[in-house]
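Participant:
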Amino acid sequence: MWFSMRGFLVRTTVLLTVALFATLGASVLGPLFSPRASTIPFGGEASTDQFLGILAVPHPAAKLEETFRRWSNDKAFLFIAPANQPFWRQTYYTFAYLAYPRTVSAVVCSANPAERDEIHRESTPNIDGLIFFDVPPGALRAGAQQIGPILYIAPYHGSPIWKSFCP
Amino acid sequence: MEVLLSLIALLIAFAGGLGSALLLTPVKPPRGWWELSGTALVFGAGIVSLSSFCLGFFVQGAVLRWIITSACITLLLFGWRYHREPLLVRLDTIQAITAAIVVVQVGLVTWLSFYRFHLGWDGLFNWESKARIAFFNHGAMPLSFYTGRLDFFHNGYPLFFPLLESWIYGWVGNVNQTLIKLIGPYFYLASVLLAIAAVSRLSKFRWAGVLAAVLLGLTPALIAGEGSASSGYADFTLAAVSLCAVVHCAVYWQTGAIEAARLTGASAMFLPFIKTEGYISLLLIALAVIPKVVRDRSWKIGLWLLGPGLATWLGWTVFLRLTHSFPEHDFRPLTVHNFLAGVPRVPDIVRWSFQELVAWSHWSLLWPLAIAAIIVMVFRNPMPDWYPWAVNIVVPLALFPATYILSGWEPVEPHLKSSLWRLWLHSAPTAVVVSAALLARLAAIENRKATVSSIQAPALGRVKRPTYDSSGQRIRY
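Order-wise, the sequence lines are chains A and B. All residue numbers for the first sequence refer to the numbering used here, where the first residue is 1016 and numbers rise by one. All residue numbers for the second sequence refer to the numbering used here, where the first residue is 24 and numbers rise by one.
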């Protein structure tokens, strides 16, 4: 009798433990299967497009790849962005990813010296193209290609003072 | 059509893995189809990635793809031919139920991978970026990637995962960031098959495999979120390959069979090629096998167990040195000064680690159950039953938090809280196995009718175990 009772208690405990495990897991995973959860597009470069959503351009990855193809593989770009643009880092890395094997360095503009940044400065003294992300291209607007409302790509030749492109 | 081509790519990998698993164990193959299939999935992915890397220096494009395809099919044919026991699949009721659960789970993980989660930061910049570069270089990583001027994509990261992604791109013929996420369900399938086999053996109940599948499928961190099977990160792949190595390591401890040693060594061979943390997984396998190798003085078996993994480690390290690839800076070098400087972090690290251990939104009840299972096994079972599992669960739980003493981040909190759970994820499927085995044995505490492989149910008592000779043949019960 004692053994039966012990067995019953142990089995009940096991059952409750499995049920609790399953309930906790299902409470986290269940909502992912809800029809109200957002669905991502299938195929192509869906993830890259999502990273470039800030550009507000349809199929931005394909558009940028097409743009970069016009530049030979040994070219170097400078990406110029304001420090207060929350997506600058994500966008910069995505540009570096799409432009490869062309190199992309970056200058991050800010009135506050603590927020300024220069990425891969030592590697690319010569610049062949400028990427203005959420920064007005100023005098270079004439020769620049506009890709969406906040993005310009302009040809350039030389080794500039990087912050000279900051507004 | 593209879905079909990506499935063909993975099926070819599976064929190569199946052939190599059978060739490594011609007399006594992995026990049952569950274990054989899980092992084959792991081996196949490893064969495709490693051969893409090595052969890619000499041939590229369609030639590379067809050489690897031919090698995989040849392995399968040789493995099948030299296998000495008939390979028959018999599904009884328990196995049919288990198989149905597995099919549903893999379907759900695939759906989540396709429609709920993008590749994410690491998935895109650390892993897929390399796959894309390899694909545009006709299936092989260009040496210029390592000797170039810039390090955008953590050039020193190993290539197992991106070269498998590139293999799919090669078959599909273009970049498809959805279809490469099939790799997650592929390794989920490997994990669940291996877990079912291991839990059945560990608990001595076949139905316990159902429990393993349920726990694995309901551990949130393994299914959704960064590092999970649906994420496009390499962490789950490392977890699956680690599980494969531990499962065969446990068999080696119980049987001493050279076949089990070969399978352990072959699994461990891929660990350093998946992620940098794979070095630690390899170290754990070494810690798990060395006591038995030394005790038995079985040096030849020791070579099988550790030689392949050390060769991959050495090869990859030499390659990075020769190409002057960039070192990673997340952790400071281990010096007395750096260690002492990090010691004041210890109380916080302990507190945050404990919080993570019981974070049910990541793990449900996994870690408390796994720790309880290890404690019960240590007191109730002989060392061969618990030692390899304990090493591969308890050591990472203690070791990974300790590494944050040397974290290069200041403050360390965001570093630990954003990465510790992904490090523990590498041991989580192994923890699922011991947890499910504990629950199964407790549930059957007085049920002496349930059997596995004709071995009488031992309840929680000591197990009367068959004895094997060095070739793995059972010689005494």
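Where a beta carbon is used, it is the ideal one built from N, C-alpha and C, also for glycine. No experiment lies behind these values; they were computed from the predicted model shown.
Could you name the residues of the segment 388-408 of chain B whose beta carbon sits closer than 9 angstroms to any beta carbon of chain A, in the order they occur along the chain?
Facilitator: Per Cβ criterion, the list reads 388, 389, 392.
Participant: Take the Cβ of residue 1081 of chain A as the centre, count every other Cβ of all protein chains shown within 10 Å, and call the residue buried at 16 or more, exposed below.
Facilitator: On the first sequence, position 66 is the one that residue 1081 of chain A refers to. Residue 1081 of chain A comes out exposed.
Participant: Could you check where the alpha helix (DSSP H) with residue 77 of chain B kicks off and where it finishes?
Facilitator: For this step, residue 77 of chain B is matched to residue 54 along the second sequence. Residue 77 of chain B -> alpha helix (DSSP H) spans 55-78.
Participant: Determine the contact status of residue 217 of chain B and residue 267 of chain B, defining contact as a CB-CB distance below 8 angstroms.
Facilitator: Along the second sequence, read from residue 1 onward, the residue named residue 217 of chain B stands at position 194. Along the second sequence, read from residue 1 onward, the residue named residue 267 of chain B stands at position 244. Yes; because the gap between Cβ atoms is below 8 angstroms, this pair is in contact.
Participant: With a threshold of 8 angstroms between beta carbons, is residue 201 of chain B in contact with chain A?
Facilitator: As a working mapping, residue 201 of chain B is identified with position 178 in the second sequence. Interface residue, yes.
Participant: Examine the Cβ distances between the segment 194-205 of chain B and the segment 416-430 of chain B and report whether three or more of them are shorter than 8 angstroms.
Facilitator: With the cut-off at 8 angstroms, the segment 194-205 of chain B and the segment 416-430 of chain B do not touch.
Participant: Is residue 243 of chain B close to chain A, meaning its C-beta is less than 8 angstroms from at least one C-beta of that chain?
Facilitator: Translated into positions along the second sequence, residue 243 of chain B becomes position 220. Chain A, which has a Cβ nearer than 8 angstroms to the Cβ of residue 243 of chain B, makes this yes.
Participant: Report yes or no: is there a C-beta of chain A within less than 8 angstroms of the C-beta of residue 246 of chain B?
Facilitator: Within the second sequence, residue 246 of chain B is the residue found at index 223, counting from 1. Yes, residue 246 of chain B counts as interfacial toward chain A.
Participant: What's the gap between the Cα of residue 1166 of chain A and the Cα of residue 71 of chain B?
Facilitator: Along the first sequence, one-based indexing puts residue 1166 of chain A at 151. Along the second sequence, one-based indexing puts residue 71 of chain B at 48. Distance between the alpha carbons of residue 1166 of chain A and residue 71 of chain B: 40 angstroms.
Participant: Can you find the residues in the same chain that come closer than 6 angstroms, C-beta to C-beta, to residue 355 of chain B, ignoring five residues on each side of it along the sequence?
Facilitator: Position 332 of the second sequence, counting from 1, holds the residue named residue 355 of chain B. Cβ within range, chain order: 361, 429, 431.
Participant: Here's the rule: buried if 16 or more other CB atoms are within 10 angstroms of the residue's CB, otherwise exposed. What is residue 295 of chain B?
Facilitator: Sequence index remark: in the second sequence, residue 295 of chain B carries index 272 (1-based). Buried.
Participant: If you reduce the DSSP assignment to three classes, tell me which class residue 437 of chain B lands in.
Facilitator: As a first step, residue 437 of chain B is located in the second sequence; it is residue number 414 there, counting from the start. Helix, per DSSP.
Participant: Just how far apart, CA to CA, sit residue 171 of chain B and residue 396 of chain B?
Facilitator: On the second sequence, residue 171 of chain B is found 148 positions in, with the first residue counted as 1. On the second sequence, residue 396 of chain B is found 373 positions in, with the first residue counted as 1. Their backbone Cα atoms lie some 50 angstroms apart in a straight line.
Participant: Of the residues that make up the segment 1143-1172 of chain A, which ones have a beta carbon closer than 8 angstroms to any beta carbon in chain B?
Facilitator: none
Participant: Counting only runs of 4+ residues fully inside the segment 1038-1070 of chain A, write out the alpha helix (DSSP H) ranges in chain order.
Facilitator: 1061-1066
Participant: According to DSSP, is residue 1124 of chain A part of a helix, a strand, or is it coil?
Facilitator: As a position in the first sequence, residue 1124 of chain A is number 109, starting the count at 1. DSSP places residue 1124 of chain A in strand when its eight states are reduced to three.
Participant: Going by the CB atoms, is the gap between residue 1152 of chain A and residue 1126 of chain A shorter than 8 angstroms?
Facilitator: Along the first sequence, read from residue 1 onward, the residue named residue 1126 of chain A stands at position 111. Along the first sequence, read from residue 1 onward, the residue named residue 1152 of chain A stands at position 137. No, Cβ-Cβ distance for residue 1126 of chain A and residue 1152 of chain A is not below 8 angstroms.
Participant: Since residue 1047 of chain A meets chain B, which of its residues come closer than 8 angstroms, beta carbon to beta carbon?
Facilitator: One-based indexing of the first sequence puts residue 1047 of chain A at position 32. The answer, in chain order, is 135, 139, 247.
Participant: Start and end of the beta strand (DSSP E) containing residue 280 of chain B?
Facilitator: Locating residue 280 of chain B in the second sequence gives position 257, counting from the first residue. Unbroken run through residue 280 of chain B: none, as it is neither H nor E.
Participant: State the DSSP-derived secondary structure class of residue 1133 of chain A, mapped to helix, strand or coil.
Facilitator: Position 118 of the first sequence, counted from the start, is the residue given in the question as residue 1133 of chain A. Looking at residue 1133 of chain A - three-state DSSP - the assignment turns out to be strand.
Participant: Check this for me: beta carbons of residue 1105 of chain A and residue 1066 of chain A, under 8 angstroms apart or not?
Facilitator: Within the first sequence, numbered from 1, the residue matching residue 1105 of chain A stands at position 90. Within the first sequence, numbered from 1, the residue matching residue 1066 of chain A stands at position 51. Contact flag set, yes.
Participant: Measure the C-alpha to C-alpha separation of residue 1033 of chain A and residue 135 of chain B and round it to an integer number of angstroms.
Facilitator: As a first step, residue 1033 of chain A is located in the first sequence; it is residue number 18 there, counting from the start. As a first step, residue 135 of chain B is located in the second sequence; it is residue number 112 there, counting from the start. Straight-line Cα distance between these residues: approximately 24 angstroms.
Participant: Could one say the Cβ of residue 1122 of chain A lies closer than 8 angstroms to chain B's Cβ atoms, at least one of them?
Facilitator: Here the question's residue 1122 of chain A lines up with position 107 in the first sequence. No, because no Cβ of chain B sits closer than 8 angstroms to the Cβ of residue 1122 of chain A.
Participant: Using alpha carbons as the reference points, say which of B/152, B/387, B/414, B/455 lies closest to residue 255 of chain B.
Facilitator: Working through the second sequence from its first residue, we reach residue 255 of chain B at position 232. Among B/152, B/387, B/414, B/455, the Cα nearest to that of residue 255 of chain B is on B/152.
Participant: Please report the straight-line C-alpha distance between residue 214 of chain B and residue 297 of chain B, rounded to a whole angstrom.
Facilitator: Within the second sequence, residue 214 of chain B is the residue found at index 191, counting from 1. Within the second sequence, residue 297 of chain B is the residue found at index 274, counting from 1. Rounded to whole angstroms, residue 214 of chain B to residue 297 of chain B spans 16 angstroms at the Cα level.
Participant: Quick one: is residue 1040 of chain A near chain B, going by C-beta distance under 8 angstroms?
Facilitator: On the first sequence, residue 1040 of chain A is found 25 positions in, with the first residue counted as 1. Yes - at least one Cβ of chain B is within 8 angstroms of the one on residue 1040 of chain A.
Participant: Under 8 angstroms by Cβ, that's how I've got residue 443 of chain B and residue 376 of chain B pegged, so tell me the actual separation to the nearest angstrom.
Facilitator: As a working mapping, residue 443 of chain B is identified with position 420 in the second sequence. As a working mapping, residue 376 of chain B is identified with position 353 in the second sequence. Sure, about 7 angstroms apart at Cβ, within 8 angstroms.
Participant: Between residue 1060 of chain A and chain B, is there a C-beta pair that is closer than 8 angstroms?
Facilitator: Your numbering for residue 1060 of chain A matches position 45 in the first sequence. At least one chain B Cβ lies under 8 angstroms of residue 1060 of chain A.
Participant: Excluding the five sequence neighbours on either side, which residues of its own chain have a C-beta within less than 6 angstroms of the C-beta of residue 1181 of chain A, listed in chain order?
Facilitator: Within the first sequence, numbered from 1, the residue matching residue 1181 of chain A stands at position 166. Contacts found: 1124.
Participant: Under 9 angstroms Cβ-Cβ, which residues of chain B neighbour residue 1055 of chain A?
Facilitator: The count along the first sequence starts at 1 and reaches residue 1055 of chain A at position 40. In chain order: 137, 138, 139, 140, 141, 201.
Participant: For residue 400 of chain B, does the count of other Cβ atoms within 10 angstroms reach 16, so buried, or fall short, so exposed?
Facilitator: One-based indexing of the second sequence puts residue 400 of chain B at position 377. So residue 400 of chain B ends up on the buried side.
Participant: Here's a check: name, in chain order, each residue in its chain whose Cβ is nearer than 7 angstroms to the Cβ of residue 1102 of chain A, leaving out the five neighbours to either side.
Facilitator: On the first sequence, residue 1102 of chain A is found 87 positions in, with the first residue counted as 1. 1069.
Participant: Report the residue from B/263, B/159, B/165 whose alpha carbon sits nearest the alpha carbon of residue 198 of chain B.
Facilitator: For this step, residue 198 of chain B is matched to residue 175 along the second sequence. The residue with the shortest Cα to Cα distance from residue 198 of chain B is B/159.
Participant: Go through its chain and collect everything with a Cβ distance to residue 1026 of chain A's Cβ below 6 angstroms, but skip five positions before and after it.
Facilitator: Against the first sequence, residue 1026 of chain A aligns to sequence position 11. Correct list: empty, nothing qualifies.
Participant: Between the Cα of residue 339 of chain B and the Cα atoms of B/150, B/36, B/76, B/56, which residue gives the shortest distance?
Facilitator: Residue 339 of chain B sits at position 316 when you count from the first residue of the second sequence. The alpha carbon of residue 339 of chain B has as its nearest neighbour, out of B/150, B/36, B/76, B/56, the alpha carbon of B/76.
Participant: Say whether chain E places a C-beta atom closer than 8 angstroms to the C-beta of residue 31 of chain B.
Facilitator: Reference to chain E is not applicable here, since the protein chains of this structure are A and B.
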